[in-house]
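All remarks here apply to the structure that follows.
Rendered as structure tokens:
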């Protein structure tokens, strides 16, 4: 009989990208190995398992929902993704005294490092510093609880050692994957959504507006600057998917904002017909969320042009072998985009190599199998942690890590 797995996250079906992606797709494939029950902010999109929407980012709401789920579902394992769900699960299992239930944590990003890196590049550094302190304490509580951690980026173990002076002995680095609609596309005669821009080469940037996550804003700003630099080259057109051009002044004529594409098939179709996938993240963006975009571009067989930061969490893909990597200066990024557009056929082997690596190692099915192996190996070692007393002031923790 399959073990019972309670997956707790900040999944929000109203924003089906970013923080939604990892819990949704891992959950979908973890149903092969477990009886799954899912908790999240808004689980209306979860059609593969029983689920409940919490509706609030408060710690108290999460604890109450987990308490109820423990009573009703009786899980063998709780898999808590990101900081807020992790804290709530840690407290819930302690207060319910469920010593026969294992807890696994999932760090999609290392939040304190992200806040620190962006501290002097955001409009409100004081607010960023407050979030830094709160998440540093919160993730520290989770780290020192001793529970196993499944981390998306491979840099997490070293960051934990650097920031906390503690070498966690039970971390498993399992990154994100790509969806079947990219890996096994259905034959379609869908018209080119960029027909009005042809014969120009289309450089696409996926940058949805997300909750308290300025990295995408930074990428859009850099893309606008690059577009201005290349405005005289009419054979290159930039397209931003995921937001409108609201409150953006002085846009060059060669950049176009399509807004959010609510239908998945439309999003997939736009990526299929684009020529270049663009990841213009400045160094201070600390773009953990870029890996989802990167993998989607590669899965669509697009040539990718990226700054080094755009490859955070997917460093296996290499400059000159799978994609083109520029420096951070606007003129360097622009030169790389121009080179890619003018020599697209020459660089197609890079896109093919990246696609082959995606098919081999980066399906969500394969990632879920790796996660399932970790979860099934857990021992019932959960015990009350003296660190729980430190969480009293973290009820307003709201970063969607």
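Numbering (my numbering), first residue to last: 21 to 421.
Note that CB positions come from ideal geometry on N, CA and C, so glycine has one too.
Keep in mind that this is a model prediction, so the values were computed, not measured.
Which residues bound the beta strand (DSSP E) around residue 24?
24-28
For residue 221, does the three-state DSSP call read helix, strand or coil?
strand
In this structure, how does DSSP classify residue 171 when only helix, strand and coil are distinguished?
strand
Buried versus exposed call for residue 400 [16 or more other C-beta atoms within 10 Å across all chains shown]
Confidence in residue 400 is poor, its pLDDT being 39 and thus under 50, which makes the residue's placement unreliable; the coordinate value appears in the next sentence. Flag for residue 400 reads exposed.
Out of 167, 53, 34 and 75, state which residue places its alpha-carbon closest to the alpha-carbon of residue 25.
53
Under 7 Å between C-beta atoms of residue 320 and residue 299:
no
Taking 7 Å as the threshold (C-beta atoms), are residue 241 and residue 227 in contact?
no
Using 8 Å for Cβ pairs, my map puts residue 76 next to residue 110. What's the rounded Cβ distance?
Rounded, the Cβ-Cβ distance is 18 Å, inconsistent with contact.
On a Cα-Cα basis, can you pick out the residue from 343, 214 and 338 that is closest to residue 293?
214
Which first and last residues belong to the alpha helix (DSSP H) in which residue 286 is found?
284-293
Where the beta strand (DSSP E) containing residue 55 begins and where it ends
55-60
Opposite residue 71 in the DSSP bridges: which residues?
58
Do you know whose CA, among 102, 296 and 187, lies nearest residue 463's CA?
Residue 463 falls outside the range modelled here, since the chain spans only 21 to 421, and no answer is possible.
Could you work out which residue in 225, 359, 376 and 179 is closest to residue 344 when comparing CA atoms only?
359
So residue 68 packs on residue 108, CB below 8 Å; how close in whole Å?
The pair is not a contact, with the Cβ atoms about 23 Å apart (cut-off 8 Å).
From residue 51 to residue 243, what does the alpha carbon distance come to, in whole angstroms?
39 Å
Taking 7 Å as the limit between beta carbons, can you name the residues of its chain near residue 34, skipping five residues before and five after?
62
From residue 92 to residue 117, what does the alpha carbon distance come to, in whole angstroms?
15 Å
Which residue comes first and which comes last in the beta strand (DSSP E) that contains residue 299?
296-299
Give me the Cα-Cα distance between residue 22 and residue 169, rounded to the nearest whole angstrom.
22 Å
What three-state label does DSSP hand residue 188 in the structure shown?
coil
Given this structure, state the Cα-to-Cα distance separating residue 32 from residue 57, to the nearest angstrom.
16 Å
Does the distance from the C-beta atom of residue 304 to that of residue 137 stay below 7 Å?
yes
Just reading off the alpha helix (DSSP H) that residue 257 is part of, what are its end residues?
Unbroken run through residue 257 is the beta strand (DSSP E), 256-261; no alpha helix (DSSP H).
Per DSSP, cross-strand counterpart(s) of residue 101:
126
In terms of residues, what are the limits of the beta strand (DSSP E) holding residue 12?
There is simply no residue 12 to check, as the chain begins at 21 and stops at 421 in what is shown.
Secondary structure of residue 194, DSSP reduced to three states:
coil
Nearest neighbour of residue 95, chosen from 184, 102, 59 and 66 [CA to CA]:
59
By DSSP, does residue 89 sit in helix, in strand, or in coil?
helix
Would residue 221 and residue 355 be called neighbours here (beta carbons separated by less than 7 Å)?
no
Bridge partners - residue 7, DSSP secondary structure assignment
An answer regarding residue 7 cannot be provided, because it is not within the stretch 21 to 421 covered by the chain.
Closer than 6 Å by C-beta to residue 126: which residues in its own chain qualify, once you throw out the five before and the five after it? Chain order, please.
101 and 170
For residue 326: DSSP bridge partner residues
299 and 345
Taking the continuous alpha helix (DSSP H) assigned at residue 201, which residues delimit it?
200-203
So which of 288, 313, 199 and 229 has the shortest CA-CA distance to residue 46?
199
Residue burial classification, residue 186 (beta-carbon count within 10 angstroms, cutoff 16)
exposed
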